[in-house]
Amino acid sequence: MTKLTEQHCEACRAGAPRVTEQERKELQPQIPDWQVREEEGVQQLWREFRFKDFAAALAFTNRVAELAESEGHHPALLLEYGKVGVAWWTHKIGGLHRNDFIMAARTDQLTPAD
Numbered sequence: 006m007t008k009l010t011e012q013h014c015e016a017c018r019a020g021a022p023r024v025t026e027q028e029r030k031e032l033q034p035q036i037p038d039w040q041v042r043e044e045e046g047v048q049q050l051w052r053e054f055r056f057k058d059f060a061a062a063l064a065f066t067n068r069v070a071e072l073a074e075s076e077g078h079h080p081a082l083l084l085e086y087g088k089v090g091v092a093w094w095t096h097k098i099g100g101l102h103r104n105d106f107i108m109a110a111r112t113d114q115l116t117p118a119d
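Convert by adding 5 to the 1-based position in the sequence shown; the result is the number in our numbering.
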């Protein structure tokens, strides 16, 4: 199986299938720091990233935005001093699609090495 970080988003349409529980169990180990949470009845992948200051958090936010634009798939971002919250889900289907796991894995690659 190809690693999530090596994949790209596929065009998603309304009515596309959400990931099944089995698919989620297979994909989750590739993004172990991400949690599945539910917001207003919609499952999302959520992770909080920590940084030394606001400038570093902002730079990361901009890298996530560039990735999102390049893939045509956009997260919710919460920028605060020293941290950024990222939530991925597929709006068109109101839940999780394989694309969200791909984007979470690719987001992980954007963090600077400590």
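For each residue, glycine too, the CB sits at the ideal point set by N, CA and C.
If you check the CB distance, HIS78 and VAL24 do not come in under 8 Å. The C-beta distance from TRP51 to ALA110 rounds to 14 Å, too long to fall under 8 Å, and the pair is not in contact.
In this chain, the alpha helix (DSSP H) harbouring GLU28 covers 26-32.
Per DSSP, ALA64 is one residue of the alpha helix (DSSP H) stretching across 59-76.
The straight-line gap separating the alpha-carbon atoms of VAL47 and GLY99 is approximately 6 Å.
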